[in-house]
Every structure is written in structure tokens, then in C-alpha cells.
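In what follows, a structure is listed as C-alpha cells, so that the remarks can point back to it.
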Amino acid sequence: AAIRGCVTGLPTDPRQNTAGTALLSLRKALGLQHGFELVLHKGIALGSGMGGSAASCVAALVAANALLAQPLPREALYGFALDGEAVASGSRHGDNLGSMLLGGLVLATHERLLRIEVPAAWHCALVHPHVVLETRKARAALAGHYQLDEFVAQSSNLALVLAGCYRSDAALVREGLKDVLVEPRRAPLIPNFARVKQAALDHRALGASISGAGPSVFGWYDNRSDAEAASVAMRAAFAEAGLDSDAWVSPVNGPAAALIDSIEAAA
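Using the numbering used here, you'd call the opening residue of the sequence shown number 505 and step up by one each time.
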């Protein structure tokens with residue numbers, strides 16, 4: 505019905521909107537005779553690399569699911585969320601959807617979600633510079649061939665990160681949290697990226713890289729204090745390039761999307 509907040513120029517036609525498409529998919533699958541009136545309050549900038557489209561999609565599904573006579577388990581909402589995300593990104597990928605549906609770190613395939621427990625003390629610092637990175641440019645940067653040894657290195661890094669998470673071993677994560685495929689190609693699109701990343705690493709990050717397609721940058725830490733200090737330093741590095749920025753610090757093992765209010769509570 506309406507879109508408010510920091511992004512308003514999005515289609516309200518549900519077939520062209522990620523949240524609307526997800527609800528249409530839910531409605532069709534369950535054979536619902538009623539529809540939903542949806543008002544989106546956007547709090548994530550467009551093209552920020554922070555999963556804004558997935559956030560809208562999951563929020564709509566969680567809210568609609570709560571209105572059903574027999575609400576579905578979270579995992580059952582995943583397919584509908586994939587349908588919605590495809591409208592925004594052009595493909596059914598669940599990297600952001602999984603974490604929003606289940607909370608924390610989630611391995612997302614096309615068929616299932618697997619939540620990966622990490623120590624409660626581990627935190628992430630995320631800094632979003634006030635600059636727009638066009639999706640077209642971000643995707644174009646990845647065009648071209650990759651060498652087999654690059655894929656082998658990236659697979660090894662991923663294995664180290666997963667093993668480190670399962671074993672609560674920060675040293676393993678620090679060894680593996682490196683992007684040798686995407687970061688080298690997209691880094692030139694983000695002003696002062698090298699300095700921002702170094703600021704994150706200088707505060708004992710387990711690793712740091714580009715969030716999503718960018719331009720946001722993140723760092724992982726084994727405690728909140730280092731993450732807080734790093735977020736300040738990372739913002740200062742963006743400021744060196746003349747860019748304002750926003751920063752957030754939160755647990756890696758963070759919460760899933762949840763109802764803030766309900767019809768019963770409002771009544």
C-alpha cells in the first residue's frame with residue numbers, strides 16, 4: 505500500500521516488489537482467499553550491500569505468517585522469500601534471506617538453510633559510506649575468467665571459516681576469512697577501500713572485506729570492544745576520502761527477524 509523511510513522510489517505493484525512477490529507466492533501456495541495490505545518502512549539504503557531487499561522480503565513474510573491460522577515454521581518461508589528476492593536481484597539466492605529468517609550465520613543452498621553457531625562474544629562491525637555503487641558496475645567488475653587455483657584457494661578459505669565457527673576457533677577463522685575472488689575486482693569501485701580494510705585489520709579483526717556487492721565494508725572480531733573501536737577507525741578512513749558514513753556493531757550470532765508488535769498487542 506505504501507513505502508516509507510530512506511528509500512521510497514520503489515514499485516508498489518506487488519508483482520514488481522520483492523516483498524509483494526513473496527506474499528503472492530505464499531498466498532498461491534497456501535490457497536489463501538484473502539490478501540495482505542503491506543506498508544514497508546525501509547531502513548536500509550538501496551544498493552548498500554546490506555541486504556535491503558531481503559530484509560523487506562523476510563519482514564513481509566514474518567508479519568503475514570503471524571496472521572495465518574496455522575503459522576508455518578521459518579524454514580517453510582524460505583522458498584517464498586527466494587521468489588521475492590528474484591524480483592530484486594534477478595536470481596533466487598538466499599545468502600541474506602537465511603540469516604534474516606533464522607538469525608546468525610546461515611549456510612543457504614537453493615533447497616535448505618543450515619544455521620551455524622558461533623561464540624556469543626564474536627561481533628561484526630559494518631560501515632556504510634554515503635556513496636552509491638551501481639549494481640551494473642559491481643556485476644561488470646566480476647566479468648571475465650577466473651583461474652582454477654583461485655577457486656581452490658577460496659574453497660580452502662571457506663572451509664577454514666566453517667571449521668573455525670564450528671570449533672569456536674578464532675585462529676582458524678582469521679586464517680580463512682579472506683576473499684580472493686570478488687574483493688580484488690570490486691575493491692577499486694569503493695573509495696579508499698584499502699585504508700578502510702586496513703583500519704579494520706589494525707584493530708585485530710578476524711577478517712575484513714566488502715559486504716555484499718558494496719560499498720559497505722565489514723570486519724569480524726572476537727569481542728565487542730575491538731569491533732566498536734574498529735568501526736570508528738573505518739569511518740575515519742572513509743572520511744579521508746571525503747565520505748560520511750554510518751556504522752553498526754552487532755553479534756555475528758544475531759537475532760532473526762521478529763514481530764515488534766501484533767494485532768493482539770495493539771488491541
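We treat Cβ as the ideally placed atom computed from N, Cα and C, and that holds for glycine.
Using C-beta distances below 7 Å, list every residue in its chain close to residue i, excluding the 5 sequence neighbours before and after it, in chain order.
i    : result
A770 : Below a pLDDT of 50, predicted positions are generally treated as unreliable, and A770, at 45, falls in that range; the measurement from the model is reported next regardless. Closer than 7 Å at the Cβ level, and outside the excluded window around A770, lies no residue.
R531 : G539
I507 : L514, T516, L544 and K546
G758 : G607 and G608
H614 : R596
E687 : S713 and I714
Quickly, what does DSSP pair residue i with across the bridge? List them, please.
i    : result
S749 : P633
A506 : V543
S713 : F722
P755 : H627
Can you tell me the Cβ-Cβ gap for residue i and residue j, rounded? I've got them flagged as a contact below 8 Å.
i    : j    : result
V684 : Q658 : 5 Å
G716 : G608 : About 17 Å; that fails the 8 Å criterion.
V756 : H634 : Wrong, their Cβ atoms sit about 25 Å apart, outside the cutoff.
S529 : H632 : About 30 Å; that fails the 8 Å criterion.
R689 : A645 : 5 Å
L637 : L693 : 6 Å
A751 : L630 : 7 Å
Measuring only between beta-carbons, confirm whether residue i sits less than 9 Å from chain B.
i    : result
L646 : Reference to chain B is not applicable here, since this structure consists of a single protein chain.
Apart from the five residues on each side of it in sequence, which residues of its chain come closer than 6 Å, Cβ to Cβ, to residue i?
i    : result
E679 : L664
G668 : L676 and V677
Got a sec? Which residues, its chain only, sit under 8 Å from residue i by beta carbon, not counting five neighbours each side?
i    : result
I620 : G608, L609, V610, L611, L666, C669 and Y670
G509 : L544, H545, K546 and G547
V753 : H627, C628, A629, L630, R728, A731, E732 and S735
Under 8 Å: do the stretch 591-598 and the stretch 519-526 share three or more Cβ pairs, one atom per stretch? yes
Is the stretch 628-643 in contact with the stretch 659-679, if contact means three or more CB pairs nearer than 8 Å? no
Give, in chain order, every unbroken run of the alpha helix (DSSP H) that is at least 4 residues long and sits entirely within the stretch 587-626. 599-606
Cβ contact check for the stretch 600-610 and the stretch 561-577: 3 or more pairs under 8 Å: yes
Are the stretch 733-751 and the stretch 570-579 touching, with three or more C-beta to C-beta distances below 8 Å? no
contact_flag[the stretch 702-713, the stretch 610-617] where n(CB pairs < 8 Å) is 3 or more: no
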